[in-house]
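S.K.: Please read through the structure below; I'll follow up with questions.
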Amino acid sequence: MVNTNVSLSGLRLDNPVIPASGTFGYGKEYAKLYDINILGSLSFKGTTRDPRFGNPQPRIAECSQGMINSVGLQNPGLASVIDKELPELAKIYEKPVIANVSGFSLEEYVECAKAMDDQRQVGIIEINVSCPNVNHGGMAFGVLPESAGEITRAVKKVTKKPIYIKLSPNVTDIVSIAKACEDAGADGLSLINTLLGMRIDIKKRQPVIANKMGGFSGPAIFPVALRMVYQVANAVKIPIIGMGGVSSAEDVIEMMMAGATAVQVGAANLVNPYACKEIIETLPRVMEALGIENLEDIIGCVK
Ligand code: SIN
Numbered sequence: 016m017v018n019t020n021v022s023l024s025g026l027r028l029d030n031p032v033i034p035a036s037g038t039f040g041y042g043k044e045y046a047k048l049y050d051i052n053i054l055g056s057l058s059f060k061g062t063t064r065d066p067r068f069g070n071p072q073p074r075i076a077e078c079s080q081g082m083i084n085s086v087g088l089q090n091p092g093l094a095s096v097i098d099k100e101l102p103e104l105a106k107i108y109e110k111p112v113i114a115n116v117s118g119f120s121l122e123e124y125v126e127c128a129k130a131m132d133d134q135r136q137v138g139i140i141e142i143n144v145s146c147p148n149v150n151h152g153g154m155a156f157g158v159l160p161e162s163a164g165e166i167t168r169a170v171k172k173v174t175k176k177p178i179y180i181k182l183s184p185n186v187t188d189i190v191s192i193a194k195a196c197e198d199a200g201a202d203g204l205s206l207i208n209t210l211l212g213m214r215i216d217i218k219k220r221q222p223v224i225a226n227k228m229g230g231f232s233g234p235a236i237f238p239v240a241l242r243m244v245y246q247v248a249n250a251v252k253i254p255i256i257g258m259g260g261v262s263s264a265e266d267v268i269e270m271m272m273a274g275a276t277a278v279q280v281g282a283a284n285l286v287n288p289y290a291c292k293e294i295i296e297t298l299p300r301v302m303e304a305l306g307i308e309n310l311e312d313i314i315g316c317v318k
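Residue numbering for the sequence shown follows the numbering used here, beginning at 16 and increasing consecutively.
If you want it as structure tokens, here you go:
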């Protein structure tokens with residue numbers, strides 16, 4: 016019997032597989048298809064202080080081996096997430112969850128993180144400084160070491176739970192930003208968010224996405240994500256949740272060999288709603304075939 020447990024900032028996960036924020040809602044739709052308690056954890060849709068309707072349609076463009084989204088942080092807002100969504104989530108999922116939070120100012124990040132810190136089921140707070148789909152917020156805070164560090168410090172001051180900073184790949188040097196977050200007290204890092212991309216409808220001679228550009232995700236970005244996880248893992252001591260195009264148990268193992276302690280699955284959920292379930296079920300067989308007894312033993316084994 017192989018052991019798929021991993022430990023993430025003191026949380027013991029049955030397995031490292033976590034649906035990525037924005038691809039699993041609050042679990043409701045997926046819980047109709049299978050028992051989502053098999054998941055290692057669950058990062059629910061990013062929360063902002065105020066309700067957000069999101070960006071104009073169309074917001075999705077299909078690409079080979081991936082997709083572009085420009086959702087624009089649509090969510091019901093902090094109060095509704097806490098009063099309605101989290102109690103509903105607790106009925107269908109019993110393990111600690113990851114609260115992904117976004118903002119348009121330092122104060123908003125602080126307010127959302129502080130409120131999430133008080134929620135019983137929240138085990139980790141994931142600070143999203145990497146959404147490419149909004150102006151004056153999201154990614155704007157995550158592309159410079161100084162601002163990423165500033166957000167980390169401010170959020171750490173008002174929280175007790177582990178803080179993971181979700182990093183953008185749309186930068187020249189992700190390692191310097193990762194290190195700034197670590198120096199500012201981050202407990203872990205989540206990487207990567209989507210790559211800024213674009214498609215043009217050649218018949219209409221206009222961008223497919225109403226907002227022109229959006230975040231590219233899916234299997235096509237896996238090698239880029241893996242490379243960044245590897246580079247960051249070799250530069251910091253804090254744990255990493257690796258993500259970006261993960262769609263199989265083999266991808267999970269590859270991410271962990273590059274240095275990830277746990278792995279988020281994003282776009283794959285939108286193609287196949289059973290993706291996480293299938294990965295979790297396949298993982299032990301792949302481990303056996305590769306002679307891996309304890310999954311934790313392979314974290315960062317590739318030098
Ligand atoms: C979105 O809501 O636009 C996606 C979130 C993200 O990419 O961080």
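All C-beta atoms, glycine included, are put in the ideal place defined by N, C-alpha and C.
Can you have a look at residue 287 and say buried or exposed, based on whether 16 or more other CB atoms are within 10 angstroms of its CB?
M.R.: Burial call: exposed.
S.K.: Near residue 158, what residues of its chain come up, given a Cβ to Cβ distance below 8 Å and the 5 sequence neighbours on each side ignored?
M.R.: Counting only Cβ-Cβ distances below 8 Å, and skipping sequence neighbours, we find 183, 185, 186, 192.
S.K.: Is residue 279 near ligand 1, in the sense that its beta carbon is under 7 Å from a heavy atom of that ligand?
M.R.: It does not: the Cβ of residue 279 is nowhere closer than 7 Å to a heavy atom of ligand 1.
S.K.: Go ahead and pull the three-state DSSP assignment for residue 246.
M.R.: Helix.
S.K.: Under a Cβ-count criterion, where at least 16 other Cβ atoms within 10 Å of its own Cβ denotes burial, should residue 34 be classed as buried or exposed?
M.R.: So residue 34 counts as buried.
S.K.: Does the beta-carbon of residue 25 have 16 or more other beta-carbons within 10 angstroms, so that it is buried, or is it exposed?
M.R.: Under this definition residue 25 is an exposed residue.
S.K.: With distances taken from CA atoms, which of 202, 279, 314, 172 is nearest residue 249?
M.R.: Of 202, 279, 314, 172, the residue nearest in Cα terms is 314.
S.K.: Taking only three categories from DSSP, how would you classify residue 316?
M.R.: In this structure, residue 316 counts as coil in the three-state DSSP scheme.
S.K.: Of the choices 271, 89, 223, 135, whose alpha-carbon is the least far from that of residue 101?
M.R.: Answer by Cα proximity: 135.
S.K.: For a quick check, are the C-beta atoms of residue 10 and residue 280 less than 8 Å apart?
M.R.: A query on residue 10 cannot be resolved here, the shown segment of the chain reaching from 16 to 318 and no further.
S.K.: How far does the alpha helix (DSSP H) with residue 84 in it reach, from first residue to last?
M.R.: Here residue 84 belongs to no alpha helix (DSSP H); instead the beta strand (DSSP E) covers 81 to 84.
S.K.: Under 7 Å from any heavy atom of ligand 1, does the C-beta of residue 309 make it?
M.R.: The answer is no for residue 309.
S.K.: Could you tell me which residues DSSP pairs with residue 234 in its beta bridges?
M.R.: In DSSP, residue 234 forms no bridge with anything.
S.K.: Indicate the three-state DSSP secondary structure (helix, strand or coil) for residue 155 in the structure shown.
M.R.: Looking at residue 155 - three-state DSSP - the assignment turns out to be helix.
S.K.: For residue 150, which option in 161, 119, 137 has the closest C-alpha, if you only look at C-alpha atoms?
M.R.: It is 119 whose Cα lies nearest to the Cα of residue 150.
S.K.: Quick check for students: name the residue ranges of the alpha helix (DSSP H) that lie wholly in the segment 103 to 151, counting only runs of 4 or more.
M.R.: Those alpha helix (DSSP H) runs which fall completely within the segment 103 to 151 and span 4+ residues are 121 to 132.
S.K.: Given a cut-off of 8 Å, decide if residue 237 and residue 209 are closer than it, judged by their beta-carbon atoms.
M.R.: Not a contact, by the Cβ cut-off of 8 Å.
S.K.: Would you say the beta carbon of residue 209 comes nearer than 7 Å to a heavy atom of ligand 1?
M.R.: Yes, the Cβ of residue 209 comes within 7 Å of a heavy atom of ligand 1.
S.K.: Compute every distance between the C-beta of residue 331 and the non-hydrogen atoms of ligand 1, then say whether any falls below 7 Å.
M.R.: There is no way to answer for residue 331, as the model of the chain reaches only from 16 to 318.
S.K.: Would you call residue 181 buried or exposed, if buried means 16 or more other Cβ atoms sit within 10 Å of its Cβ?
M.R.: By the neighbour-count rule (16 or more Cβ atoms within 10 Å), residue 181 is buried.
S.K.: Please tell me whether, using a cut-off of 7 Å, the distance from the CB of residue 89 to the nearest non-hydrogen atom of ligand 1 is below it.
M.R.: Yes, Cβ of residue 89 sits closer than 7 Å to a heavy atom of ligand 1.
S.K.: Note down the Cα distance separating residue 122 from residue 174, rounded to an integer number of angstroms.
M.R.: Distance between the alpha carbons of residue 122 and residue 174 is about 14 Å.
S.K.: Less than 8 Å between the beta carbons of residue 113 and residue 141, yes or no?
M.R.: Yes.
S.K.: Does the distance from the CB of residue 61 to the CB of residue 108 come in under 8 Å?
M.R.: It is not a contact, given that the beta carbons lie outside the stated cut-off.
S.K.: With contact counted as at least three CB pairs below 8 Å, one residue from each stretch, are the segment 263 to 273 and the segment 45 to 53 in contact?
M.R.: At 8 Å Cβ cutoff, the stretches do not touch.
S.K.: Out of 167, 259, 179, 104, which one is the CA nearest neighbour of residue 253?
M.R.: Per the Cα distances, 179.
S.K.: State the DSSP-derived secondary structure class of residue 205, mapped to helix, strand or coil.
M.R.: Looking at residue 205 - three-state DSSP - the assignment turns out to be strand.
S.K.: Measuring only from the beta carbon, is residue 150 closer than 7 Å to any heavy atom that is part of ligand 1?
M.R.: No - ligand 1 has no heavy atom lying nearer than 7 Å to the Cβ of residue 150.
S.K.: If you drop the 5 nearest sequence neighbours on each side, which residues of the same chain put their C-beta closer than 6 Å to that of residue 226?
M.R.: Excluding residues within five positions, the ones whose Cβ falls inside 6 Å are 70, 85.
S.K.: Which one of 215, 137, 167, 242 has the shortest CA to CA distance from residue 188?
M.R.: It is 242 whose Cα lies nearest to the Cα of residue 188.
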